[in-house]
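If you count by the working numbering, then the sequence shown holds residues 7 to 162, one letter each, in order.
These notes concern the structure reproduced below.
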Amino acid sequence: STPVKTQATGVTQQNSQTTTGATSQGGSVGPKGVSRVDSYIRRAEGYLVKNNFAAAVLELREALKLDQNNSDCHSLLGIAYLKQNKATMAKVHINKALQLNPQNDRALKAKQVLNELVPKSGGSQPKVSPEAAKGKPSNKSNGGGLFGGLFGGKKK
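Here's what the structure looks like:
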């Protein structure tokens with residue numbers, strides 16, 4: 007394939023590659039908006055390398071405000087949440103990335119890691135569901151206030 011210089015980024019790339027995140031996702035963001043999203047993504051990748059996951063999440067959220075349908079943003083956000091052990095949030099963004107672009111390599115790898123992680127931890131839902139399944143009354147009727155169920159239990 008022949009090299010092509012894109013207008014949005016000014017970077018020379020091969021024809022077979024996608025030129026920008028927004029155009030490959032079908033977004034209607036103009037060239038200026040695309041470069042802003044790309045700069046957020048680049049900064050977030052830098053934060054991920056430095057293990058500064060909170061800053062990466064902030065950058066990626068800002069990028070998603072500009073382009074909600076950017077698969078790369080969603081996949082990186084899912085990875086950042088995975089690194090912070092927030093499996094539920096990671097799953098949401100990884101699935102969104104795969105919905106937007108089923109061939110997104112980062113999202114596919116993150117999905118594999120997530121699937122390996124979830125069976126080990128058992129997910130976040132069982133923390134609440136056992137009490138509800140037994141039909142116990144709520145903590146309010148037991149007395150003890152907000153944390154009565156955790157700290158104000160009867161001594162046996």
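By construction, the Cβ of each residue, glycine as well, lies at the ideal position given by its N, Cα and C atoms.
Note that the structure is a prediction, hence the values are computed from the model and not measured.
Taking all protein chains shown into account, Val63 has 16 or more neighbouring C-beta atoms within 10 Å of its C-beta and is therefore buried. When secondary structure is reduced to three states using DSSP, Asp111 falls in the helix class. For His80 against Lys102, the beta-carbon gap comes to about 5 Å, under 8 Å, which counts as contact.
Relative to the Cα of Glu68, the nearest Cα in the group Val43, Tyr87 and Ala113 belongs to Val43.
Per DSSP, the continuous alpha helix (DSSP H) segment holding Lys89 begins and ends at Ser77 to Lys89. Here Leu54 is buried, its C-beta having at least 16 other C-beta atoms within 10 Å. Ranked by Cα distance from Val124, the options Ile47, Lys92, Gln109 and Asp73 are led by Lys92.
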